[in-house]
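**Q** Protein chains in written order, with full-length UniProt numbering: chain A, 1 to 514; chain H, 1 to 514.
Number of protein chains: 2
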Amino acid sequence: MTAIRHALSITRDADFAQWYQEVIASADMAEESGVRGCMVIKPWGWGIWERMQALLDRRIKAAGVQNAYFPLFIPLGNFVREAEHVEGFAKEMAVVTHHRLIADGKGGLVPDPEAKLEEPLIVRPTSETIIGDAMSRWTQSWRDLPLMLNQWANVVRWEMRTRMFLRTSEFLWQEGHTAHESRDDAMAETLRALEMYQAFAEEDVALPVIVGEKPANERFPGAVGTWSIEAMMQDGKALQAGTSHYLGTSFADAANIRFQDREGSQQLCHTTSWGVSTRMVGAMIMAHGDDDGLRVPPALAPFQVVIVPMLREDDGDAAILEYCAGLRAALLQQSAFGEPLRVLLDAKPGKAAAKRWDWVRKGAPLIVEVGPRDMENGKVAVLRRDALWNLDNGKPAFDFAAKDEFVTNAAAVLQQIQQFLFDEAHARREANIVRDIDTIEALDAFFAADKRYPGWAEVQWSRPEGGALDKVVEQLKARKLTFRNVPLDAEPANGACLFTGEPAVERIYVARAY
Amino acid sequence: MTAIRHALSITRDADFAQWYQEVIASADMAEESGVRGCMVIKPWGWGIWERMQALLDRRIKAAGVQNAYFPLFIPLGNFVREAEHVEGFAKEMAVVTHHRLIADGKGGLVPDPEAKLEEPLIVRPTSETIIGDAMSRWTQSWRDLPLMLNQWANVVRWEMRTRMFLRTSEFLWQEGHTAHESRDDAMAETLRALEMYQAFAEEDVALPVIVGEKPANERFPGAVGTWSIEAMMQDGKALQAGTSHYLGTSFADAANIRFQDREGSQQLCHTTSWGVSTRMVGAMIMAHGDDDGLRVPPALAPFQVVIVPMLREDDGDAAILEYCAGLRAALLQQSAFGEPLRVLLDAKPGKAAAKRWDWVRKGAPLIVEVGPRDMENGKVAVLRRDALWNLDNGKPAFDFAAKDEFVTNAAAVLQQIQQFLFDEAHARREANIVRDIDTIEALDAFFAADKRYPGWAEVQWSRPEGGALDKVVEQLKARKLTFRNVPLDAEPANGACLFTGEPAVERIYVARAY
Ligand SMILES: [Zn+2]
Ligand SMILES: [Zn+2]
Chain A
1 MTAIRHALSI TRDADFAQWY QEVIASADMA EESGVRGCMV IKPWGWGIWE
51 RMQALLDRRI KAAGVQNAYF PLFIPLGNFV REAEHVEGFA KEMAVVTHHR
101 LIADGKGGLV PDPEAKLEEP LIVRPTSETI IGDAMSRWTQ SWRDLPLMLN
151 QWANVVRWEM RTRMFLRTSE FLWQEGHTAH ESRDDAMAET LRALEMYQAF
201 AEEDVALPVI VGEKPANERF PGAVGTWSIE AMMQDGKALQ AGTSHYLGTS
251 FADAANIRFQ DREGSQQLCH TTSWGVSTRM VGAMIMAHGD DDGLRVPPAL
301 APFQVVIVPM LREDDGDAAI LEYCAGLRAA LLQQSAFGEP LRVLLDAKPG
351 KAAAKRWDWV RKGAPLIVEV GPRDMENGKV AVLRRDALWN LDNGKPAFDF
401 AAKDEFVTNA AAVLQQIQQF LFDEAHARRE ANIVRDIDTI EALDAFFAAD
451 KRYPGWAEVQ WSRPEGGALD KVVEQLKARK LTFRNVPLDA EPANGACLFT
501 GEPAVERIYV ARAY
Chain H
1 MTAIRHALSI TRDADFAQWY QEVIASADMA EESGVRGCMV IKPWGWGIWE
51 RMQALLDRRI KAAGVQNAYF PLFIPLGNFV REAEHVEGFA KEMAVVTHHR
101 LIADGKGGLV PDPEAKLEEP LIVRPTSETI IGDAMSRWTQ SWRDLPLMLN
151 QWANVVRWEM RTRMFLRTSE FLWQEGHTAH ESRDDAMAET LRALEMYQAF
201 AEEDVALPVI VGEKPANERF PGAVGTWSIE AMMQDGKALQ AGTSHYLGTS
251 FADAANIRFQ DREGSQQLCH TTSWGVSTRM VGAMIMAHGD DDGLRVPPAL
301 APFQVVIVPM LREDDGDAAI LEYCAGLRAA LLQQSAFGEP LRVLLDAKPG
351 KAAAKRWDWV RKGAPLIVEV GPRDMENGKV AVLRRDALWN LDNGKPAFDF
401 AAKDEFVTNA AAVLQQIQQF LFDEAHARRE ANIVRDIDTI EALDAFFAAD
451 KRYPGWAEVQ WSRPEGGALD KVVEQLKARK LTFRNVPLDA EPANGACLFT
501 GEPAVERIYV ARAY
């Protein structure tokens with residue numbers, strides 16, 4: 001085995017946080033905007049988010065949920081109402097107080113004191129209250145239910161410490177909001193959305209997730225129950241990649257969402273909400289990236305195949321470009337994941353080798369190089385991003401294939417890459433979960449400070465409530481640990497609670513987290 | 001000819017503005033949100049905008065433009081810089097001054113004085129300056145050019161008097177921003193975007209447009225030239241449905257967008273910008289709607305065919321639903337406009353006749369009713385939204401077709417409807433344009449106060465500049481008239497300027513406008 005010269009300057013092992021920044025920069029995904037807490041999402045990063053949107057939107061619509069759009073601004077009064085109902089009301093929000101700028105007479109501009117709003121407007125941190133207002137207008141009778149709405153939108157929560165894709169003041173998401181006749185209907189929808197998120201994460205993002213209920217201390221403020229999908233990053237930390245909330249009738253009560261039931265009496269709706277955000281892009285990076293940069297699952301890749309012609313800036317270039325254009329046209333006739341292949345012919349000025357490494361860092365699933373000799377022999381040189389190196393000689397593992405054969409097989413290879421990324425992440429996660437910890441000492445040993453990327457512990461607990469739960473959460477907090485969720489498909493409990501010593505009632509994941 | 005009982009309570013002829021509001025309300029497209037100047041876009045209205053986005057986005061990408069995303073907030077300082085360069089700087093903007101709310105001790109919430117921003121942030125009214133900042137980082141060499149970016153985003157311009165889809169404080173749009181090596185390249189892109197808008201309007205929205213250059217007084221502030229597509233509404237007013245600007249090098253100068261040219265020296269980029277917004281939805285309503293509500297061009301319809309089963313809440317319903325589901329499945333195998341048909345089986349509770357009129361008001365292109373007898377005979381009852389009435393008896397003009405035949409023909413019929421809407425709007429526009437006005441008196445007569453919906457006048461003019469142009473614009477303003485554009489494909493001028501009496505150099509449209 002020869003030493004490999006990786007495409008990044010820093011490895012995951014050396015410094016995971018630094019590595020993450022380098023992947024984003026070198027894959028040209030995003031950058032700081034100069035506006036506090038806001039990032040610019042560059043075309044490659046945006047293209048991946050667009051693909052996520054398209055695939056998740058299809059799943060949302062298939063369930064009969066309808067997209068709509070609600071105002072960016074929410075009157076301050078809505079939050080007063082909300083604050084009355086919700087203990088843990090978050091107050092870090094962007095507040096609009098004026099609607100005009102005027103010259104300050106010194107060459108600058110200032111908010112016009114004459115244009116001060118009577119009631120400040122808040123840039124939406126979530127649209128619960130304003131969608132609740134609409135629902136109260138739209139639900140008259142049980143015939144209007146279920147009312148299932150979704151919005152793709154930007155939201156703002158003021159953040160002091162930001163990290164691209166993971167925590168930014170402005171971020172993008174979809175928020176589903178539904179209203180139902182009964183608790184059962186609303187619970188079914190809460191779990192449907194959760195399963196939809198699991199399918200999206202696992203099938204589209206190639207990201208294995210643990211599906212379960214959050215403990216009471218991690219519930220959305222005011223919710224009756226919160227469920228999540230949790231993914232393991234390559235540093236062993238957990239990332240909550242989507243949540244689904246059953247809100248009971250308290251949000252309906254606050255927003256007056258009522259309906260006439262089948263017997264003619266007025267009832268409060270049972271509501272749900274569920275969301276997935278641009279955080280998912282961060283999860284994809286930290287689950288699939290390697291020491292050569294990003295690896296985009298083919299289902300999400302804006303371009304699944306990138307063709308790099310080896311141009312010499314001479315008369316031969318036209319023939320190579322024509323050969324490559326023919327290759328692209330043939331690939332476009334093929335389908336993977338139920339859609340035509342997405343293929344780029346990268347004919348920009350520049351050296352082929354430099355382009356190759358750009359596309360490696362960007363994580364294009366298949367990179368195809370074509371030089372004069374390949375063309376003469378009817379061949380192409382193929383790099384699979386998930387099997388980049390020849391471990392024997394430390395060189396890129398080009399496969400020299402007949403052009404037609406490559407075209408015929410391309411879709412199948414893309415599906416293999418998708419599966420490989422999932423399997424690899426799944427195996428890594430399972431290898432980094434312990435399930436036999438039954439003392440706090442064993443927990444401390446597993447999460448010992450000198451263990452670089454410890455992973456997760458699935459432990460048994462008695463599901464304490466109120467003050468007893470607070471005490472357990474404090475114990476974890478002192479260890480920089482958090483509860484993730486109570487997996488839906490766990491083995492039944494059969495021992496004692498790790499924290500209280502009482503008989504355990506279920507299993508729950510403990511981990512460091514983003 | 002029997003009197004028709006139209007589905008709306010008000011006709012276009014009686015009160016166009018009221019009619020517009022009723023179409024939007026009765027088609028369930030949008031409603032007031034309770035937040036000043038902002039509307040809620042309901043699922044049917046949103047679905048139409050989503051279709052517009054999909055079709056225009058395809059055209060944008062086909063031209064090699066890349067989507068990206070830039071921050072919602074723009075620092076105040078960017079506008080100071082902008083204000084220095086731009087005379088007509090618009091100042092009605094939403095100003096964020098605080099990033100936290102706190103309790104006021106009286107049960108309310110107020111902006112936290114401790115959380116006042118050092119520099120206010122502006123909610124983007126357009127992203128020229130922040131995208132300019134990014135371009136200045138991203139263009140180093142001529143090899144980086146052209147840099148062609150597009151963003152789909154919400155923007156805010158504070159409006160005192162609002163009108164749904166036409167003028168709202170928050171609206172949605174795409175903004176293209178491109179940077180080029182030379183004036184020629186930038187001009188070519190400006191005109192490419194303009195042609196793209198024409199194709200989008202005419203082919204997708206079935207909206208005939210006049211393509212031309214705006215006179216100097218209507219230019220985007222700071223632009224060298226502004227071009228537009230202009231559409232005639234059914235009240236004869238003009239609506240500017242898209243603009244494309246050649247910005248010269250002044251925006252590049254302000255944002256420092258430079259590149260090293262092929263000879264190695266530093267140059268300013270030539271930039272362009274171009275945009276289409278949710279106004280286009282308003283244009284579609286006012287161009288195609290009729291006294292029965294909206295008519296959605298099939299290329300834009302979220303559902304092109306709506307199947308309404310005639311249910312009796314008895315044992316026979318299951319068979320009808322099955323028949324309708326089979327019909328839907330067969331239609332989904334058909335394609336129109338290069339995509340599979342979009343078909344809804346409306347199985348919600350409710351009477352078939354009520355649903356029929358709902359879908360008429362919403363403007364679904366084809367409404368198909370299926371009752372027990374239709375089913376027995378293997379038939380369907382089809383309503384074409386563009387030919388709704390039997391003028392002989394004043395009743396809905398149902399066509400009773402064999403089911404299989406309907407399925408086979410559906411795509412062709414949808415394409416006919418699309419063409420019919422275009423042709424009708426085109427004929428109406430041409431019938432309402434006069435081209436022979438050569439005195440102010442004739443202009444006054446054409447736009448006389450007692451003429452309800454006069455249309456447009458194409459007149460000859462000498463293209464005055466500066467103060468001379470201002471005087472002409474004042475003359476028009478006194479008549480509540482505006483210049484629209486100088487059509488690219490007009491006949492050459494051959495007479496005297498209507499306003500100055502000097503020899504005319506070109507033709508320009510004069511109209512009332514939205
Ligand atoms: Zn209450
Ligand atoms: Zn300057």
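Quick reminder that beta carbons are idealized off the backbone N, C-alpha and C, glycines included.
1) Please give me, in chain order, every unbroken run of the beta strand (DSSP E) with length at least 3 that falls completely inside the segment 418-498 of chain A.
2) CA-CA distance, V296/H and R183/H?
3) Give a yes or no on whether the minimum CB-CB distance between R328/H and chain A is below 7 angstroms.
4) Going by DSSP in three states, N256/H sits in which element: helix, strand or coil?
5) Buried or exposed: where does G248/A fall if 16 or more other Cβ atoms within 10 Å of its Cβ makes it buried?
6) So is K106/H in contact with chain A if we call contact Cβ pairs under 7 angstroms?
7) By the DSSP assignment, the alpha helix (DSSP H) with A179/H in it spans what residues?
8) Looking at chain H, is there any beta carbon in it that lies within less than 7 angstroms of the beta carbon of N67/A?
9) Can you confirm whether T97/A, when its beta carbon is compared against all beta carbons of chain H, has any partner nearer than 7 angstroms?
10) Going along the chain, which residues of its own chain have a beta-carbon closer than 6 angstroms to the beta-carbon of H288/H, five neighbours each way excluded?
11) Anything in the segment 303-329 of chain H with a Cβ closer than 8 angstroms to a Cβ of chain A? List those residues in chain order, please.
12) What's the call for F400/H, buried or exposed, on a 16-neighbour Cβ count within 10 Å?
13) So the candidates are R12/A, G225/A and N377/A; which of them puts its Cα closest to the Cα of N485/A?
14) Strictly by DSSP, which residues pair up with T500/H?
15) According to DSSP, is R12/A part of a helix, a strand, or is it coil?
16) Going by the DSSP bridge assignment, what does K116/H pair with across the sheet?
17) Is S265/H helix, strand or coil when you go by DSSP?
18) How about P43/A: is its C-beta nearer than 7 angstroms to some C-beta of chain H?
19) Could you tell me the alpha carbon to alpha carbon distance between T129/H and K116/H, rounded to whole angstroms?
20) Just how far apart, CA to CA, sit L469/A and Y514/A?
21) Under the rule that 16 or more other beta-carbon atoms within 10 Å means buried, what is R435/A, buried or exposed?
22) Chain A partners of F165/H, CB-CB under 9 angstroms?
23) For Q440/A, count the other beta carbons within 10 Å of its own beta carbon; 16 or more makes it buried, fewer makes it exposed. Which is it?
24) Just to make sure I have the definition right: I need the residues of chain H whose C-beta is within less than 7 angstroms of the C-beta of A134/A. Which are they?
25) Closer than 7 angstroms, CB to CB, is P120/A near chain H or not?
26) Identify each residue in the segment 329-356 of chain A for which the Cβ-Cβ distance to at least one residue of chain H is less than 9 angstroms, and report them in chain order.
27) Count the other CB atoms, across all protein chains shown, that sit within 10 Å of the CB of K237/A; report buried if there are 16 or more and exposed otherwise.
28) Please go through the same chain and pick out, in chain order, the residues whose beta-carbon is closer than 6 angstroms to the beta-carbon of K355/H, but skip the five residues on each side of it.
29) What are the boundary residues of the beta strand (DSSP E) that includes L332/A?
30) Which chain A residues sit within Cβ distance under 7 angstroms of M280/H?
31) DSSP puts G275/A in a beta bridge; with which residues?
32) To the nearest angstrom, report how far apart R5/H and A27/H are at their CA atoms.
33) Rounding to the nearest angstrom, what Cα-Cα distance links D290/H and R384/H in this structure?
34) Kindly indicate if chain A contains any beta-carbon less than 7 angstroms away from that of F79/H.
35) What residues match up with Q151/A in a beta bridge as DSSP calls it?
36) Which bits of chain H does K91/A rub up against, with CB to CB less than 8 angstroms?
**A** Let me spell this out:
1) Qualifying beta strand (DSSP E) stretches, in chain order: 456-461.
2) 40 angstroms
3) no
4) coil
5) buried
6) no
7) No alpha helix (DSSP H) holds A179/H; the beta strand (DSSP E) holding it covers E170 to H180.
8) N67/A counts as touching chain H.
9) Chain H, which has a Cβ nearer than 7 angstroms to the Cβ of T97/A, makes this yes.
10) R295 and L421
11) none
12) exposed
13) The closest CA to that of N485/A, considering only R12/A, G225/A and N377/A, is found on G225/A.
14) Partner(s): none; T500/H has no beta bridge.
15) coil
16) H98/H
17) coil
18) Residue-level contact by beta carbon holds for P43/A and chain H, with a gap shorter than 7 angstroms.
19) Whole-angstrom Cα-Cα distance: 24 angstroms.
20) 21 angstroms
21) So R435/A counts as exposed.
22) Result: empty, since nearest Cβ-Cβ is about 12 angstroms, beyond 9 angstroms.
23) Contrary to the premise, residue 440/A reads as Ile rather than Gln in this sequence. So I440/A counts as exposed.
24) V40
25) yes
26) So the close ones are K348, P349 and G350.
27) buried
28) V308 and D346
29) Careful: L332/A lies outside any beta strand (DSSP E), inside the alpha helix (DSSP H) at D317 to L332.
30) Those within 7 angstroms of M280/H in chain A number zero; the least Cβ separation is about 15 angstroms.
31) E175/A and T243/A
32) 17 angstroms
33) 14 angstroms
34) yes
35) E175/A
36) R100, L101, I102, L109 and D112
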